[in-house]
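Take the sequence shown: its letter number 135 is residue 142 in the working numbering, and every next letter is one higher.
Glycine residues also receive a C-beta, built at the ideal position from the N, C-alpha and C atoms.
Small disclaimer: the values here were computed from a predicted structure and weren't measured.
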Amino acid sequence: MKSLTAFIVGVIFAVGLGIGGMTQTHVVKGFLDIFGDWNYALIGVMAGAITTHGIFYYFIKKRESPLLDVEFHLPIRHDLDKRLIVGAALFGLGWGWGGICPGPGIVGISSFDPRFFWFVGPMLAGMAVFKVVEKKIFG
């Protein structure tokens, strides 16, 4: 049941990314270019996502447990460390340069646009390399 639910939620997320324009690199780059030719179209997507999350989170956090698990798995760390800062910087650089972040990149593969393959392939390779060198870099 968990796998089916995860699949359905993933499909809904993918459709939402497509409808919202998050798989169109020119839209994303335009949104990030606030000092140039700024495209504000994604503000609605962002506001909708934040509002939806806020409403559902308010009600769900009152439950004792999730519907398909015995406990909630919420972040327990609240500190900023080198690993988080470097990861966020790399994510931001990749998103800004390519106009693609991981979710829309994976969804974009279905369009067979080579840009998405050029993004997702190195992203997966980078994740594999990180698993190997993580302890050396961050101790």
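Taking the alpha carbon of HIS33 as the reference point, which residue from PRO121, GLY106 and LEU87 has its own alpha carbon closest? Residue numbering aside, residue 33 sits at position 26 when the sequence shown is read from its first letter. Minimum Cα distance to HIS33 is reached at GLY106.
Counting only the same chain and skipping the five closest in sequence on each side, list residues whose C-beta sits under 7 angstroms from that of VAL127. Within the sequence shown, numbered from 1, the residue matching residue 127 stands at position 120. Answer for VAL127: GLY112, ILE113 and ILE116, listed in chain order.
Between ILE15 and HIS80, what straight-line distance do the alpha-carbon atoms span, to the nearest angstrom? Within the sequence shown, residue 15 is the residue found at index 8, counting from 1. Within the sequence shown, residue 80 is the residue found at index 73, counting from 1. So the two alpha carbons sit approximately 20 angstroms from each other.
Taking 8 angstroms as the cut-off, does the region 21 to 31 touch the region 44 to 56 (at least 3 CB pairs, one atom from each stretch)? yes
Is the beta carbon of LEU87 sitting closer than 8 angstroms to the one on MET8? Here residue 87 refers to the residue found at position 80 of the sequence shown. Here residue 8 refers to the residue found at position 1 of the sequence shown. Cβ atoms of LEU87 and MET8: not closer than 8 angstroms.
Nearest to MET134 by CA position, among HIS60, GLU71, PHE98 and PHE123, is which residue? Residue mapping note: residue 134 aligns to position 127 of the sequence shown, counting from 1. Closest option to MET134, Cα to Cα, is PHE98.
Inside the region 18 to 72 only - alpha helix (DSSP H) runs reaching at least 4 residues: 32 to 39 and 49 to 67
Under three-state DSSP, which class holds MET8? Along the sequence shown, read from residue 1 onward, the residue named residue 8 stands at position 1. Residue state, collapsed to three classes: coil.
Opening and closing residue of the alpha helix (DSSP H) in which VAL93 lies: On the sequence shown, residue 93 is found 86 positions in, with the first residue counted as 1. Its alpha helix (DSSP H) spans residues 89 to 105.
Within 10 angstroms of the Cβ of GLY37, are there 16 or more other Cβ atoms? Answer buried if so, exposed if not. Mapped onto the sequence shown, residue 37 falls at position 30. With 16 or more Cβ atoms within 10 Å of its Cβ, GLY37 is classed as buried.
Please look up how many angstroms separate the CB atoms of LEU39 and GLY101, rounded, as I've assumed it's under 8 angstroms. Here the question's residue 39 lines up with position 32 in the sequence shown. Here the question's residue 101 lines up with position 94 in the sequence shown. Actually they are not in contact, since the Cβ atoms of LEU39 and GLY101 sit about 12 angstroms apart, beyond 8 angstroms.
Give me the residue from GLY146, VAL136 and CYS108 with the minimum Cα distance to GLN5. Residue 5 lies beyond the stretch modelled for the chain, which goes from 8 to 146, so this question has no answer here.
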